[in-house]
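Undergrad:
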Amino acid sequence: MSQLEICEFLKKHKEKWFTAKEIAKAQDMSLSSITNCLRKLRYSGFIHYKLDKKVSRQGNTNYVYQYKK
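Encoded structure:
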């Protein structure tokens, strides 16, 4: 999956915040591929991201992502 495809997915759902896991599931891609693309998109300034207030079952915190309007 390319960065462009992730941007298009987030743009299509621009009012919602997604975790990397949710994006990976929706796009049927590996979590590592999605995470790598999201990192590049963050550094390029194409998407918003923030720390999710919910903690996972494993005690990890997650970031959530949204298309930058």
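For the sequence shown, my numbering gives the first residue as 327, with consecutive numbering after it.
Here a beta-carbon is modelled for each residue, glycine too, at the ideal position from N, C-alpha and C.
Are at least three pairs of beta-carbons, each pair with one atom in the segment 384-395 and one in the segment 334-350, less than 8 Å apart?
TA: In short, these stretches touch, since the Cβ pair count reaches three.
Undergrad: Could you spell out the range, first to last residue, of the alpha helix (DSSP H) harbouring Asn362?
TA: Counting along the chain, the alpha helix (DSSP H) containing Asn362 begins and ends at 357-370.
Undergrad: Quick check on the DSSP output: the alpha helix (DSSP H) that includes Gln353 runs from which residue to which?
TA: Residues 346-353.
Undergrad: Consult DSSP for Lys337 and reduce its assignment to one of helix, strand or coil.
TA: Correct three-state label for Lys337: helix.
Undergrad: Along the chain, where does the beta strand (DSSP E) containing Asn388 start, and where does it finish?
TA: Element bounds for Asn388: 387-393.
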